[in-house]
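A short write-up of the structure that comes next.
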Amino acid sequence: MKRSFFILLIASACVLTASAQPAKRRADAVQQAKGQGTAAGATPPKQTTQNAPRGASYRDFPTAQPMPADAAWRRDIYRSIDLMRDENAALYYPTLPQDGRMNLFSYLFKLLLRKQIKAYDTKLDANEDFSEGNEVTARTLMDRYKMHYETKDGRLRVSDADIPSDEVKMFYIKESVYYDQHTSTFHTRVTALCPVLLRGDDDLGGTETRYPMFWVRFDDIAPQLGKLMLMGSNYNNAATLSADDFFTLGRYKGDIFRTVNMQDRLLANYCVTDSDMIREQLRIEGELTAFEDHIWGKDKKPAAPAALAADATEAAADSTAAVDAAQAETKVSSRRGSSGRRGSKTASAPKQPKQKKPKAQKPKSSGRSGAGYSVRRERH
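Under our numbering, the letters of the sequence shown match residues 28 to 407, in that order.
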């Protein structure tokens, strides 16, 4: 009696355990049991973790913390990234996809063709506008810049050779330098990208015209940029990094051409010559560095301007020359006075009785010291 009671109790427990599992898990367990019930001696299927990432989904995540909307300090600047510079060459080569590698523009344009990212049209002054009404399609861009494409079954087909990746030799980026008071950290973050098409007769000695094509939000494309691998070194071809890391780590080099200001002016609007442009770019870079140093208490005494430093050096040289001249004049007059006194003692004139002379008529010895003092005072 007891034995039958225990058997009934164990059977009811197994039924309760099976019914407590979710339907999907029970179905998976049944399917796995069927798969294991194969021929004798067959290797059972390898078990995998239920939450393990599958495919390329493990790369779909933002790789940097978003910029807080209430940052205590922020400055937005625009840079032009010349892809012909060695520091930025990883974004340009190869111009045609090969061995599973492609450049940044080809990758972005293919994402746009597959409608995996959104692009926004540029304004006349190359400003960005991320409003919904300003969104632009790949077909509009191909018609605008005369790119060859075919339409089949309602889908656009573009050959790799027809994507003008070799003509996109520049990118505009919008960069935000900000201080996060919540974490007490200072950051430089890329917030937007714009490929720039260069066309013209540069080979014949002319100038190339810049055509900013479209803007994309960096936060929108960051998960996709994590899948684009770039060459990281000229000397170690095994060294690679993702395009997202390339921008996050600040591996690019670019020149400032605009800052967000109340007058909404470009640097070219008030920098007449190339020298003025370079000085203004260096001044802005210096302001950013000075603010970061100020946060960490690394304030340095500002150096004197070059003109003031030159004047100070010239004044010091004049003062030294004046002192040397005064000392030389004093020595010469001292020698002359001493030679005159020795000549009066050897004269044949009879000796005269000594007479006291007033202090105002003393020999030139006191006059010499006074003369040296007056020279220094007048020179200084």
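Glycine is no exception: its CB is placed at the ideal position from the N, C-alpha and C atoms.
Along the chain, where does the alpha helix (DSSP H) that runs through residue i open and close?
i    : result
D101 : The identity of residue 101 in the sequence shown is Arg, whereas the question assumes Asp. No alpha helix (DSSP H) holds R101; the beta strand (DSSP E) holding it covers W100 to D109.
M256 : Premise fails: M256 lies in the beta strand (DSSP E), M256 to M258, not in any alpha helix (DSSP H).
R184 : Element bounds for R184: not the alpha helix (DSSP H) but the beta strand (DSSP E), R182 to R184.
E319 : D301 to I322
P250 : F245 to L252
R468 : Summary: the structure shown does not reach residue 468, with the chain confined to residues 28 through 407, and so no result is reported for it.
Y297 : L294 to Y297
Along the chain, where does the beta strand (DSSP E) that runs through residue i open and close?
i    : result
I283 : D282 to T286
F200 : For the sequence presented, residue 200 should be read as Ile rather than Phe. I200 -> beta strand (DSSP E) spans V195 to D207.
S269 : T267 to S269
A96  : That residue, A96, is in no beta strand (DSSP E); it is neither H nor E in DSSP.
T215 : T212 to G227
R278 : Looking at the DSSP string, R278 is not in any beta strand (DSSP E), and its letter there is neither H nor E.
If contacts are defined as beta-carbon pairs under 8 angstroms, then residue i and residue j qualify, I think. What distance do you get, rounded to the angstrom?
i    : j    : result
F198 : T218 : That belief does not hold up - the Cβ atoms of F198 and T218 are roughly 13 angstroms apart, past 8 angstroms.
F136 : I200 : Their Cβ separation, rounded to whole angstroms, is 17 angstroms, which puts F136 and I200 out of contact at 8 angstroms.
M111 : K196 : 6 angstroms
Rounded to the nearest angstrom, what separates residue i and residue j at their Cα positions?
i    : j    : result
D103 : P93  : 15 angstroms
A209 : W100 : Reading off the sequence, residue 209 comes out as His, not Ala. Answer to the nearest angstrom: the Cα atoms are 12 angstroms apart.
R106 : A98  : 22 angstroms
F241 : I322 : 36 angstroms
P332 : G277 : Reliability of the predicted coordinates at P332 is poor, the pLDDT of 49 falling under 50, and the value obtained from them is presented with this limitation in mind. Cα-Cα distance, rounded: 31 angstroms.
L183 : L293 : 38 angstroms
T316 : T178 : 52 angstroms
F13  : A249 : Outside the shown range of the chain, which is 28 to 407, sits residue 13, and nothing can be said about it.
M256 : A116 : 13 angstroms
Q308 : A146 : 29 angstroms
V287 : L140 : 32 angstroms
Please classify residue i: is it buried, with 16 or more other beta-carbons within 10 angstroms of its beta-carbon, or exposed?
i    : result
A165 : buried
E312 : exposed
D180 : exposed
R81  : Note on R81: pLDDT 43, under 50, position unreliable in the model; the coordinate value appears next. Flag for R81 reads exposed.
F157 : exposed
G281 : buried
G127 : exposed
I305 : exposed
M129 : buried
Y262 : exposed
S133 : buried
Q74  : Confidence is the limiting factor: at Q74 the pLDDT is only 45, short of 50, which leaves the residue's position unreliable and the question unanswerable from this model.
T212 : exposed
G324 : exposed
E155 : buried
S260 : exposed
T149 : buried
A374 : Any reading at A374 must be qualified, since the residue scores a pLDDT of 43, below 50, and its modelled position is unreliable; the value itself is stated next. By the neighbour-count rule (16 or more Cβ atoms within 10 Å), A374 is not buried but exposed.
S186 : exposed
T76  : Note that T76 scores a pLDDT of 38, beneath 50, so its modelled location is shaky; the value from the coordinates is reported in the next line. The residue is exposed, with fewer than 16 neighbouring Cβ atoms inside 10 Å.
A270 : buried
task: Let me know the alpha helix (DSSP H) ranges lying completely inside the segment 126–150, each 4 residues or longer, listed in chain order.
output: If we require 4 residues or more, the alpha helix (DSSP H) runs fully inside the segment 126–150 come out as 131–140.
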